[in-house]
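Student:
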Amino acid sequence: MTTLLNVLSVLGGLAMFLYGMALMSEGLQKSAGDRLRAFMAKMTSNAFKRVLTGTVVTCLVQSSSATTIMVVSFVNAGLLTLGNAIGVIMGANIGTTLTAWITSLGFSVNIALFAVPMMGIGFVLHSSKKATMKNIGQFLMGFAVMYVGLTFMKDCSNAVLGQYQTGMMNFFGSINGFGFGSILLFLIAGAVLTIVLQASSATMAITMLLAASGLIDFKLAVAMVLGENIGTTITANIAAAVANTSAKRAARAHTIFNIVGVIWVLAVFGPIVKLICVIMEGLDFYNPMAASSHLAAIATGAETADAEMVEMYKNSLLYGIAMLHTLFNVTNTLVLIWFTPLIEKAVVWLVKEPKGETEVYRLKYISGGPLHTAELSLQEAKLELVHFAEICRNGFNYVREAINEQDQARFDELNDKLIKYEEITDRIEYEIATYLNEVSKNELSQESSDKVKAMYKIIGEMESLGDSGESIGRILKRKEAHGKVFDKTILDRLNKMCELIAKAYDVMIENLKNENLKDISNAHNCEYNINECRNHLREEHIVNIESDSYNYLTGVYYMDVLAELEKIGDFLINVSQAVVGKYEYEN
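Count along the sequence shown from 1, then add 777; that gives the number in this note's numbering.
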């Protein structure tokens, strides 16, 4: 029973460690999300700045996966070129080395003593009404939870290992007997564990735990670290699976970069391990290889040592692992940064541009699901709204064609397109709403919460644009069925209305793209002109009916089309008003 409790405590400690990392990362991204996004988009003018950007952002958010997913999404949105993205990804690999040092510090220093007071301070700050204080509080609580989890993992695993020390030593000893094959085996184990846990930091903690317990030596720990660098690339590839071609290429570049790095380190594995040992001894630490041998002997009872010596062996080994992780990522970046154009060509060759991209109405920016942090996900949703608006404008072009089309076969083709676009707008509304619903499950600032509400309003209005297009198609279909024809005079009047609506579409898209929209007088002017045109055409219609200028039933269809066009104008201004948070025109 005690063993089971200890095993569950180890798993619980791992869960706390992962949750603490997520809390800490989310708190930082919330407090600096917009600034990080702007920093990443602008600081890419040369290779040094690209690497520095990736390093700084990853150090801040404490997650190379979060940085890489941001990079993939920026490439998907056209904010970063593929070449720039590769440089940022290289920098992200350097930034993630800070996590290894933080983890090694957690094993060697009892930071958990400070964790509880830190959690108390964090809770007080998180209770503040100020968004900045809340986010800093979340960061502190995440930091505290992470180290409490790490302490649980360390203490409870020692209890478990104490009971099954001999069996576990025999098991790991047998695996260690395959020479270079053992290195490859632990490399694969590190990659698989990272893929399963979706967090290289957690695998790093497990690697350090096994090494500090004397179960694996320094060489096998190095192999697991190399495997973690391969496994961590899977997250970006998952995010890019449903993104555009450029985003897929950026994710593949991350994979190629890390795999090439692992291959050249394996080629000089022995010298690299010796180099780390020399560096650690030069820094006045114990040789990590010798330290791991002593810890294994102590674990089996073949050797004894006082607590101070055991602690020294463990610290040397843990800091050696962190040093290897840093040296690998820094050296790999310094070497491969010069081959960025070659990596770019390789991923372009690997990920071909799809032929005949006809699905112009598919989601472009959010099909991979929300980013790690809700605040950053909203920018992707904003871009998708602009894309949705452009799709709606394409649908309106078919409305204009259908109104003017005299050929029956061509009209039927256009009417089918209007029906199709109505289905498209329904589906896109649903998909964006689902995305926003997922984003809303996270804790949002008041400003972001208001943005989400506005986005729900906007997609509802855009879906109504598709409905109006289909309605106009049905009216025109009934007109054709009754053998009625719009003469040149009616078509000229409807085309005048269509011109005003086309202008309103352009204004709506312009307002959606405006990051600091305050004045929507352009949209109000469009709405005024549309309403004035409708009123004028209605008055003309009454006069024309009285003078028998055209058939009464033809006039009915004419007025029905005009009414739907005016509704489109209402939906368009509703979008602009939702952007600035005012809803005056309710339908």
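From the three backbone atoms N, C-alpha and C, an ideal C-beta is built for every residue, glycine too.
If you're wondering where the values come from, they're calculated on a predicted model, not measured in any experiment.
Do you know offhand how far Gly1038's Cα is from Val1112's?
Tutor: Position 261 of the sequence shown holds residue 1038. Position 335 of the sequence shown holds residue 1112. Whole-angstrom Cα-Cα distance: 9 Å.
Student: With a threshold of 16 other CB atoms inside 10 Å of the CB of Gly1004, please say whether the residue is buried or exposed.
Tutor: The residue given as residue 1004 occupies position 227 in the sequence shown. Gly1004 is buried by the Cβ-count criterion.
Student: Flag Met1285 as yes if its beta-carbon sits less than 9 Å from any beta-carbon of chain D, otherwise no.
Tutor: The structure shown contains no chain D; it is built from a single protein chain.
Student: Please return the same chain residues whose Cβ sits closer than 8 Å to the Cβ of Ser1093, not counting the five positions on each side in sequence.
Tutor: The residue given as residue 1093 occupies position 316 in the sequence shown. So the qualifying residues of the chain are Met1057, Phe1062, Tyr1063, Asn1064, Pro1065 and Ala1068.
Student: Could you check if Asn1006 is buried or exposed, using at least 16 other CB atoms within 10 Å of its CB as the buried criterion?
Tutor: As a working mapping, residue 1006 is identified with position 229 in the sequence shown. Buried, since its Cβ has 16 or more Cβ neighbours within 10 Å.
Student: At the level of alpha carbons, what is the spacing between Leu788 and Arg827?
Tutor: Start at 1 with the first residue of the sequence shown, and residue 788 comes out as number 11. Start at 1 with the first residue of the sequence shown, and residue 827 comes out as number 50. Computed Cα separation, rounded: 38 Å.
Student: Can you give me the C-alpha to C-alpha distance between Leu964 and Ala1027, rounded to a whole angstrom?
Tutor: Taking the first residue of the sequence shown as position 1, residue 964 is located at position 187. Taking the first residue of the sequence shown as position 1, residue 1027 is located at position 250. Roughly 24 Å between the two C-alpha positions.
Student: Return yes when the Cβ of Ala1099 is within less than 9 Å of the Cβ of Tyr1282, no when it is not.
Tutor: Here residue 1282 is taken as the residue at index 505 of the sequence shown, counted from 1. Here residue 1099 is taken as the residue at index 322 of the sequence shown, counted from 1. Result no, Cβ atoms of Tyr1282 and Ala1099 do not sit closer than 9 Å.
Student: Is the number of C-beta pairs between the stretch 1173-1187 and the stretch 1228-1238 that are closer than 8 Å three or more?
Tutor: Contact fails: fewer than three Cβ-Cβ distances are below 8 Å.
Student: Sorted by chain position, which residues of the same chain lie with C-beta nearer than 8 Å to Phe1348's C-beta, five sequence neighbours on each side aside?
Tutor: The residue you call residue 1348 lines up with position 571 of the sequence shown. The answer, listed in chain order, is Glu1238, Met1239, Ser1241, Leu1242, Ser1245 and Asn1364.
Student: I want to know whether the stretch 862-882 touches the stretch 1114-1123 - three or more CB-CB distances under 8 Å.
Tutor: Contact between the stretch 862-882 and the stretch 1114-1123 is present, because at least three Cβ pairs lie under 8 Å.
Student: What's the gap between the Cα of Thr830 and the Cα of Thr1032?
Tutor: Here residue 830 refers to the residue found at position 53 of the sequence shown. Here residue 1032 refers to the residue found at position 255 of the sequence shown. Those two C-alpha atoms are separated by around 19 Å.
Student: Can you grab the Cα-Cα spacing for the pair Val1045 / Ala1082, in whole Å?
Tutor: As a working mapping, residue 1045 is identified with position 268 in the sequence shown. As a working mapping, residue 1082 is identified with position 305 in the sequence shown. Near 34 Å, if we compare the C-alpha coordinates of Ala1082 and Val1045.
Student: Would you kindly work out how many angstroms separate the C-alpha atoms of Met985 and Leu1294, rounded to a whole number?
Tutor: Mapped onto the sequence shown, residue 985 falls at position 208. Mapped onto the sequence shown, residue 1294 falls at position 517. Approximately 51 Å, taken between the alpha carbons.
Student: Is Arg1270 buried or exposed, if buried means 16 or more other CB atoms sit within 10 Å of its CB?
Tutor: Within the sequence shown, the letter at position 493 stands for residue 1270. Burial call: buried.
Student: Between Ala1076 and Asn1035, what straight-line distance do the alpha-carbon atoms span, to the nearest angstrom?
Tutor: In the sequence shown, counting from the first residue as 1, residue 1076 sits at position 299. In the sequence shown, counting from the first residue as 1, residue 1035 sits at position 258. Taking the straight line joining both Cα atoms gives about 34 Å.
Student: Using 8 Å as the Cβ pair cut-off and three pairs as the minimum, do the stretch 1123-1131 and the stretch 889-899 touch?
Tutor: Taking 8 Å as the limit for Cβ pairs, the verdict is that the stretch 889-899 does not touch the stretch 1123-1131.
Student: Counting along the chain, where does the alpha helix (DSSP H) carrying Asp1189 start and finish?
Tutor: For the purposes of this step, residue 1189 is taken as residue 412 along the sequence shown, with counting starting at 1. Per DSSP, Asp1189 belongs to the alpha helix (DSSP H) from Gln1185 to Ser1217.
Student: Under a Cβ-count criterion, where at least 16 other Cβ atoms within 10 Å of its own Cβ denotes burial, should Phe825 be classed as buried or exposed?
Tutor: As a first step, residue 825 must be located in the sequence shown, where it is residue number 48. Flag for Phe825 reads exposed.
Student: Determine the burial state of Ala966: buried for a count of at least 16 other Cβ atoms within 10 Å of its Cβ, exposed for fewer.
Tutor: Here the question's residue 966 lines up with position 189 in the sequence shown. So Ala966 ends up on the buried side.
Student: Which residue spans inside the stretch 979-1039 form an unbroken alpha helix (DSSP H) run of at least 4?
Tutor: List check, alpha helix (DSSP H) in window: 995-1008 and 1011-1017.
Student: Which whole-angstrom value is the C-beta distance of Lys1273 and Asn1328, which I expect to be below 8 Å?
Tutor: Within the sequence shown, the letter at position 496 stands for residue 1273. Within the sequence shown, the letter at position 551 stands for residue 1328. That belief does not hold up - the Cβ atoms of Lys1273 and Asn1328 are roughly 21 Å apart, past 8 Å.
Student: Taking C-alpha atoms, which residue in Ala998, Lys1280, Ile879 and Met1336 lies nearest to Leu1101?
Tutor: The residue given as residue 1101 occupies position 324 in the sequence shown. Closest option to Leu1101, Cα to Cα, is Ala998.
Student: Provide the residue span of the alpha helix (DSSP H) that contains Lys1128, from first to last.
Tutor: Residue mapping note: residue 1128 aligns to position 351 of the sequence shown, counting from 1. Looking at the sequence provided, one finds Val at residue 1128 rather than Lys. Per DSSP, Val1128 belongs to no alpha helix (DSSP H) and is neither H nor E.
Student: With distances taken Cα to Cα, identify the nearest neighbour of Ala1231 among Ser1248, Ala1210, Lys1091 and Tyr1335.
Tutor: What you label residue 1231 is simply residue 454 of the sequence shown in a count that begins at 1. Answer by Cα proximity: Ala1210.
Student: In whole angstroms, give me the CA-to-CA distance for Asn1291 and Lys1254.
Tutor: As a working mapping, residue 1291 is identified with position 514 in the sequence shown. As a working mapping, residue 1254 is identified with position 477 in the sequence shown. One C-alpha to the other measures close to 38 Å.
Student: Spatial neighbours of Ile1249 within its chain, please: C-beta separation below 8 Å, excluding the five flanking residues on both sides.
Tutor: Start at 1 with the first residue of the sequence shown, and residue 1249 comes out as number 472. Closer than 8 Å at Cβ, skipping near neighbours: Val1176, Ala1179, Ile1180, Leu1195, Val1338, Glu1341 and Leu1342.
Student: Give the secondary structure of Ala1068 by DSSP, where H, G and I count as helix, E and B as strand, and everything else as coil.
Tutor: On the sequence shown, residue 1068 is found 291 positions in, with the first residue counted as 1. Helix, per DSSP.
Student: Hey, quick one: how far does the alpha helix (DSSP H) through Val1352 stretch, first residue to last?
Tutor: Walking along the sequence shown from the start, residue 1352 turns up at place 575. Where Val1352 is concerned, the enclosing alpha helix (DSSP H) stretches over Tyr1329 to Val1357.
Student: Classify Ala1082 as helix, strand or coil using the three-state DSSP reduction.
Tutor: Within the sequence shown, numbered from 1, the residue matching residue 1082 stands at position 305. The answer is coil: DSSP assigns Ala1082 none of H, G, I, E or B.
Student: Please classify Gln1223 as buried or exposed, where buried requires at least 16 neighbouring CB atoms within 10 angstroms.
Tutor: Position 446 of the sequence shown holds residue 1223. Exposed: under 16 other Cβ atoms inside 10 Å.
Student: Quick check: the Cα distance between Ala1079 and Ser881, rounded to an integer number of angstroms?
Tutor: Mapped onto the sequence shown, residue 1079 falls at position 302. Mapped onto the sequence shown, residue 881 falls at position 104. If I take the Cα positions, the gap works out to 26 Å.
Student: Could you give the residue range of the alpha helix (DSSP H) that holds Phe1046?
Tutor: Translated into the one-based positions of the sequence shown, residue 1046 becomes position 269. Start and end: Phe1046 to Gly1059.
Student: Report, in whole angstroms, the separation of the C-beta atoms of Ile1350 and Glu1304, which I expect to be a contact under 8 Å.
Tutor: As a position in the sequence shown, residue 1350 is number 573, starting the count at 1. As a position in the sequence shown, residue 1304 is number 527, starting the count at 1. Confirmed, about 4 Å.
Student: Verify whether the separation of the beta carbon atoms of Leu800 and Gly919 is less than 9 Å.
Tutor: Here residue 800 corresponds to residue number 23 of the sequence shown, with the count starting at 1. Here residue 919 corresponds to residue number 142 of the sequence shown, with the count starting at 1. Their beta carbons are under 9 Å apart, which means Leu800 touches Gly919 by this criterion.
Student: From Ser1225, Thr876, Thr858 and Ala1024, pick the residue whose C-alpha is nearest to that of Met981; which is it?
Tutor: In the sequence shown, counting from the first residue as 1, residue 981 sits at position 204. Answer by Cα proximity: Thr876.
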